[in-house]
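S.K.:
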Amino acid sequence: MADDDFTGKWPEESDDVTEMSEEPSVSSILHSVAIDDSRNVNNSLDDHADSNIQTVTPGDTPYTSAVRFEQLSLSHELLRGLYVEMGFERPSKIQSVSLPMILTPPYKNLIAQAKNGSGKTTCFVLGMLSRVDPKLDAPQALCICPTRELVIQNMEVLLKMGKYTGVTSEMGLAVDKANYIPVSKRAPVTAQVIIGTPGTINKWIAAKKLGTSNLKILVFDEADHMLAESGFKEDSVRIMKEIVKWSPRCQVLLFSATFNDTVKAFVSKIVKSLFVQEYNQMFVMKEELSLDSVTQFKVNLPNELSKIMVIKDKIMDLAEKVGQTIIFVRTKKSAGMLHEALVKYGYQVTTIHGTLAREDRDKIVKEFREGLTHVLISTDLLARGFDQSKVNLVVNYDLPVIHDNTSEPDNEVYLHRIGRAGRFGRKGAVFNLLCGDKDNMIMKKIETYFKHYVTEVPSFTSDEDFKEALKKAGLM
DNA sequence: AAAAAAT
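With the working numbering applied, the first sequence closes on residue 528, and no number is skipped along the way.
(1) Looking only at DSSP bridge pairs, what is tyrosine 331 linked to?
(2) Apart from the five residues on each side of it in sequence, which residues of its chain come closer than 7 Å, Cβ to Cβ, to asparagine 95?
(3) So, helix, strand or coil for glutamate 222, using DSSP?
(4) Below 8 Å, can you find three or more Cβ-Cβ pairs linking the segment 487–495 to the segment 322–342?
(5) Is serine 459 helix, strand or coil by DSSP?
(6) If contacts are defined as beta-carbon pairs under 8 Å, then methionine 180 and isoleucine 204 qualify, I think. What distance do you get, rounded to the angstrom?
(7) Going by the beta-carbon positions, is the gap between leucine 194 and asparagine 352 smaller than 7 Å?
(8) Tell me, please, which residues DSSP counts as bridged to asparagine 448.
(9) Using 8 Å for Cβ pairs, my map puts isoleucine 429 next to valine 362. What's the rounded Cβ distance?
(10) Between arginine 301 and serine 265, what straight-line distance do the alpha-carbon atoms span, to the nearest angstrom?
(11) Ends of the beta strand (DSSP E) at glutamate 286?
(12) From isoleucine 253 to isoleucine 247, what does the alpha carbon distance come to, in whole angstroms?
(13) Whose C-beta lies closer than 7 Å to the C-beta of arginine 304 among residues of the same chain, with five residues either side of it excluded?
(14) I'd like the list of long-range same chain contacts for tyrosine 505, defined as Cβ closer than 7 Å, with 5 residues on each side in sequence excluded.
(15) Have a look at Trp298, Glu281, Leu262 and flag the residue whose alpha-carbon is nearest the alpha-carbon of threonine 314.
(16) Classify glutamine 400: buried if its beta carbon has 16 or more other beta carbons within 10 angstroms, exposed otherwise.
(17) For asparagine 457, verify whether its CB is less than 6 Å away from any heavy atom of the ligand NAD.
(18) Looking at the secondary structure, which residues open and close the beta strand (DSSP E) in which glutamine 303 lies?
(19) Can you give the Cα-Cα distance for glutamate 152 and threonine 116, rounded to whole angstroms?
(20) Closest by CA to alanine 226, which one among Ala525, Val235, Gly471, Asn206?
(21) Classify aspartate 515 as helix, strand or coil using the three-state DSSP reduction.
(22) Quick one: is valine 245 buried, meaning 16 or more other Cβ sit within 10 Å of its Cβ, or exposed?
(23) I think glutamine 165 touches valine 336, with their Cβ atoms under 8 Å apart; what is that distance to the nearest whole Å?
(24) Within 10 angstroms of the Cβ of asparagine 332, are there 16 or more other Cβ atoms? Answer buried if so, exposed if not.
(25) Identify which residue in Val427, Asp365, Ala243, Gln147 has its Cα closest to the Cα of threonine 174.
(26) What three-state label does DSSP hand lysine 324 in the structure shown?
(27) In the DSSP assignment, the alpha helix (DSSP H) including lysine 350 goes from what residue to what residue?
(28) What does leucine 270 pair with, by DSSP beta-bridge criteria?
(29) Can you grab the Cα-Cα spacing for the pair arginine 475 / glycine 437, in whole Å?
(30) From what residue to what residue does the alpha helix (DSSP H) around valine 177 run?
(31) Ends of the alpha helix (DSSP H) at glutamate 340?
(32) Would you decide whether glycine 218 is buried or exposed? Buried here means 16 or more other CB atoms lie within 10 Å of its CB.
(33) Since alanine 481 contacts leucine 445 with CB under 8 Å, what's their CB separation in whole angstroms?
(34) First and last residue of the beta strand (DSSP E) that includes serine 430?
(35) Could you have a look at valine 417 and say whether DSSP puts it in helix, strand or coil?
(36) Can you tell me the Cα-Cα spacing of serine 127 and leucine 134, whole angstroms?
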């Protein structure tokens, strides 16, 4: 990493910045975040992951970035969790900026963007744990996530970090048929932290099983998706309205790696209109969102069939040598087809998508996490947030496109997918399989959007070319 | 198109 990544370089005050702050500009303070350049910190979070973070804070609450966790007045038990269980030594850059904003009264809301693999989860989990009153046996912190897999993953982080705190927690997930009990029969939730999917959380609230009057902090993980995507949006807004009714001062945290300008404006408006508290913002320019540690490639192919051939003849062998691989496909159907084809050729792959039984989904993820499987085919179910450090190869079997206009790329999903590789600054590679002019056009648009050129693998039939690519990515 | 939810 070049040194100037650490200088807190301040981008020109762009339209982006002023557009975002809907507060009168006089009261908006634009902070450049200058962090003490402690290069020799052995933090498991990589400090170069968020080089330029811009923050907008309305009003006059001053925030000083935290260089050490001790500055955040955390409980001894929580500090122990951070040091002993998580292995942290000092706050990563995103933590040092966001944690003071989260933990300083009057507990303003926060819209926070940070790169993939930079440790957003640890930020909001720490926020939830530190704001819970251990003496009160009632729901005080609630976290909403788009998928079952993300709920489970976030809960694992919470349990680890909160190991010594005695804070109680529960997952709000649909249970499989075998263990089904009607909501009305279920006992009221007394756990202090709840992490769940929107459907189940709404159901619990509607059935008066989840009280919202003691909630101090509400987190939306993958917030751009949760608040802007139809289906999720309605559920999320319903949850917020219910909470604001009983806890109008509840702090709202919105976290994601992506907030495009439209969504950013929309999301700010919702938070502003529903909650009394002002909000702080933290964001990264889109040109800076591509991870330096992940090298992207494109492979041009003559027809759809050759995609399977490339996976079979090139990717599968290389994947085995390199680490773990996720192959993203657009539909469940093509997931199944690719799966069948590879199995027929004698390869070991597993496939995950939303229509599988919940227990199967859990099992497939578990096996992948344990390293029992090396190649996982997935729909966009796992595009966001899935954190498996051994994944260093991502294949876009299909490019991510907008659903009602398939000639337009879904830039956000693209970024999330490639972010499954290169967790916390690790090296990674991405192969985009392109077939025809349309794919090339979409790829070009993605490159333009992020202002990031993607190298072409010269020949899809050449073993050497693929090896060369992985060498270039630092994987061989 | 995919995701979440349960009937």
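Just so it is clear, CB atoms sit at the ideal spot from N, CA and C, and this is done for glycine as well. Only a predicted model underlies this, so the values are computations on that prediction, with no experimental measurement involved.
M.R.: Judging by the given coordinates:
(1) Working through the first sequence from its first residue, we reach residue 331 at position 279. Paired residue(s): Asn161.
(2) In the first sequence, residue 95 corresponds to position 43, counting from 1. Here the model assigns asparagine 95 a pLDDT of 36, short of 50, so the residue's position is not dependable and the matter cannot be decided.
(3) Taking the first residue of the first sequence as 1, we reach residue 222 at position 170. Glutamate 222 falls in the strand class under three-state DSSP.
(4) no
(5) Against the first sequence, residue 459 aligns to sequence position 407. Reduced to three states, the DSSP call for serine 459 is strand.
(6) Counting from 1 along the first sequence, the entry for residue 180 is found at position 128. Counting from 1 along the first sequence, the entry for residue 204 is found at position 152. The Cβ separation is near 16 Å, so there is no contact.
(7) As a position in the first sequence, residue 194 is number 142, starting the count at 1. As a position in the first sequence, residue 352 is number 300, starting the count at 1. Against a cut-off of 7 Å, the Cβ pair of asparagine 352 and leucine 194 comes out as no contact.
(8) The count along the first sequence starts at 1 and reaches residue 448 at position 396. Paired residues: Phe380, Asn484.
(9) As a working note, residue 429 is residue 377 in the first sequence. As a working note, residue 362 is residue 310 in the first sequence. About 14 Å separates the two Cβ atoms, so there is no contact after all.
(10) As a working mapping, residue 301 is identified with position 249 in the first sequence. As a working mapping, residue 265 is identified with position 213 in the first sequence. Each residue's alpha carbon lies about 10 Å from the other.
(11) Position 234 of the first sequence holds residue 286. Looking at the DSSP string, glutamate 286 is not in any beta strand (DSSP E); the run it does join, the alpha helix (DSSP H), is 284–298.
(12) Along the first sequence, read from residue 1 onward, the residue named residue 253 stands at position 201. Along the first sequence, read from residue 1 onward, the residue named residue 247 stands at position 195. Approximately 9 Å between the Cα atoms of the pair.
(13) For this step, residue 304 is matched to residue 252 along the first sequence. In the sequence as presented, arginine is not what sits at residue 304; that position holds valine. Excluding its 5 nearest sequence neighbours in each direction, valine 304 has C-beta neighbours in its own chain below 7 Å: Asn161, Leu270, Val323, Phe327, listed in chain order.
(14) What you label residue 505 is simply residue 453 of the first sequence in a count that begins at 1. The residues are Glu499.
(15) Looking up residue 314 in the first sequence gives position 262. Checked all of Trp298, Glu281, Leu262; the closest Cα to threonine 314 is Glu281.
(16) Translated into positions along the first sequence, residue 400 becomes position 348. With fewer than 16 other CB atoms across the displayed protein chains lying within 10 angstroms of its CB, glutamine 400 is exposed.
(17) In the structure shown, the ligand NAD is absent, as is every other ligand, since no ligand is present at all.
(18) Taking the first residue of the first sequence as position 1, residue 303 is located at position 251. Residues 303–308.
(19) Here residue 152 refers to the residue found at position 100 of the first sequence. Here residue 116 refers to the residue found at position 64 of the first sequence. This sequence places proline at residue 152; glutamate is not what is there. The straight-line gap from Cα to Cα measures roughly 7 Å.
(20) Here residue 226 refers to the residue found at position 174 of the first sequence. That would be Val235, whose Cα lies nearest to the Cα of alanine 226.
(21) One-based indexing of the first sequence puts residue 515 at position 463. Helix, per DSSP.
(22) In the first sequence, residue 245 corresponds to position 193, counting from 1. So valine 245 ends up on the buried side.
(23) Walking along the first sequence from the start, residue 165 turns up at place 113. Walking along the first sequence from the start, residue 336 turns up at place 284. With a Cβ gap of about 5 Å, glutamine 165 and valine 336 count as contacting.
(24) As a working note, residue 332 is residue 280 in the first sequence. That one is buried.
(25) The residue you call residue 174 lines up with position 122 of the first sequence. Nearest option by C-alpha distance: Gln147.
(26) Sequence index remark: in the first sequence, residue 324 carries index 272 (1-based). If DSSP states are grouped into helix, strand and coil, lysine 324 belongs with the helices.
(27) Taking the first residue of the first sequence as 1, we reach residue 350 at position 298. According to the DSSP assignment, lysine 350 belongs to no alpha helix (DSSP H) but to the beta strand (DSSP E) extending over 346–353.
(28) Taking the first residue of the first sequence as position 1, residue 270 is located at position 218. Leucine 270 is bridged by DSSP to Leu194, Val304.
(29) For the purposes of this step, residue 475 is taken as the residue at position 423 of the first sequence. For the purposes of this step, residue 437 is taken as the residue at position 385 of the first sequence. One C-alpha to the other measures close to 10 Å.
(30) Working through the first sequence from its first residue, we reach residue 177 at position 125. Counting along the chain, the alpha helix (DSSP H) containing valine 177 begins and ends at 172–183.
(31) As a first step, residue 340 is located in the first sequence; it is residue number 288 there, counting from the start. That residue, glutamate 340, is in no alpha helix (DSSP H); it is neither H nor E in DSSP.
(32) Sequence index remark: in the first sequence, residue 218 carries index 166 (1-based). Label assigned to glycine 218: exposed.
(33) Locating residue 481 in the first sequence gives position 429, counting from the first residue. Locating residue 445 in the first sequence gives position 393, counting from the first residue. Their Cβ separation, rounded to whole angstroms, is 5 Å, which keeps alanine 481 and leucine 445 in contact under 8 Å.
(34) Start at 1 with the first residue of the first sequence, and residue 430 comes out as number 378. Going by DSSP, serine 430 is part of the beta strand (DSSP E) stretching over 427–430.
(35) What you label residue 417 is simply residue 365 of the first sequence in a count that begins at 1. Correct three-state label for valine 417: helix.
(36) Your numbering for residue 127 matches position 75 in the first sequence. Your numbering for residue 134 matches position 82 in the first sequence. Rounded to whole angstroms, serine 127 to leucine 134 spans 11 Å at the Cα level.
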